[in-house]
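Numbering (the working numbering), first residue to last: 13 to 274. For glycine and all other residues, C-beta sits at the position ideal for the given N, C-alpha and C. Comments concern the structure below.
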Amino acid sequence: MISQTSTMGFLSDVACCGLGGPENVCHDHSPIAARLGRNMNKFHRKIGVTQAVEKSVHPNGRSQRRPILVFDVMDTIVMDPFYTVVPQFFGMTMEELFKVKHPQSWLLFERGLIDEKQMMDNFFSDGRDFDKAGLLKTMCENYDYVANMEQLLKRLKAAGYEMHTCSNYPSWYKLIENKLNLSSCVQWTFVSCDGPMKGLRKPDVEAYNTMVESLGANPEDVILVDDREVNVTGASKAGIDGIWFKSAQELEVEFKRRGLTY
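If you want it as structure tokens, here you go:
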């Protein structure tokens, strides 16, 4: 950044010579005027570069500060094994599993209101026993990045974007971190089981308000990326720009439409 003191001093020197800007330089061919003209041109180029770094262009044509990027995790950054390998683990279809699964235990686990053991003991409505270690191992083995998302996050990180999670997920997010090292690009800031968002879940408006307040930002400074339309709609109601995630390629189109460069 150019300091206000150095900028004002330079402009004062220019004003003393009667040079209000580059368009006036050619009226005097003296060495001093020529040097001041070159400096003024450099000054304007430097200002333009600084503004380009700090601001991007929104689709409505207005310039804005570089946004804070907030990502859902499951099926946005990381593939969620629950809907694929877990029914197979129990030898059931998803429909069959939901008929016998406890309706509240997972949600309470996500909110951080019960621990892993309590959730496992009450996974099924009838309290039946099962291979708990085997289920956990199966989940861990199948955590992986959604196609092309790891590469995209690394590019955004290299470009200097501030990035956070906003995930409805239990303490098993630590298993994801241990395997994929997601925090190398995205901070695990907002998770429904922990931290400032503990006990809150998207699309509750309080979850979004807490997120914005914790970031010290205005809603319009934030972009939320989520694979669930209901969560994107909830974000929009809270004044946050939401992108409905479908693939890394489509996400890049949406980012570029909003003026993001990386």
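Simplified DSSP state of residue i, which is helix, strand or coil
i      : result
Phe110 : helix
Thr222 : helix
Gly146 : helix
Ile336 : Because the chain in this structure spans residues 13 to 274, residue 336 falls outside the shown range and cannot be described.
Ser183 : coil
Met104 : coil
Gln130 : helix
Met209 : helix
Gly77  : Checking the displayed sequence, the identity of residue 77 turns out to be Arg instead of Gly. Strand at Arg77.
Met151 : helix
Asp233 : helix
Val217 : helix
Thr157 : In the sequence on display, residue 157 carries Tyr and not Thr. The answer is strand: DSSP assigns Tyr157 an E or B state.
Thr96  : coil
Phe135 : coil
Bounding residues of the beta strand (DSSP E) (the contiguous stretch that carries residue i)
i      : result
Phe83  : 80-83
Phe202 : 199-203
Spatial neighbours of residue i in its chain, beta-carbon cut-off 7 Å, leaving aside the 5 residues before and after
i      : result
Gly246 : Lys214, Pro215, Val217, Tyr220
Pro79  : Asp233, Val234, Ile235
Thr222 : Pro208, Met209, Leu212
Element boundaries [alpha helix (DSSP H), containing residue i]
i      : result
Leu165 : 161-170
Ser248 : 241-249
Gln261 : 260-269
Glu122 : 117-122
Nonlocal neighbours in the same chain, by C-beta distance under 8 Å from residue i, ignoring five residues either side
i      : result
Cys205 : Phe121, Glu122, Arg123, Gly124, Tyr181, Pro182, Ser183, Tyr185
Ser117 : Ile126, Gln130, Met131, Asn134, Phe135
Same chain, Cβ closer than 6 Å to residue i, neighbours up to 5 away in sequence not counted
i      : result
Pro93  : Met151, Asn154
Asp156 : Met91
Lys210 : Gly124
message: Can you confirm whether the segment 141-151 touches the segment 165-173 when touching is taken to mean that 3 or more C-beta pairs between the two stretches lie within less than 8 Å?
response: no
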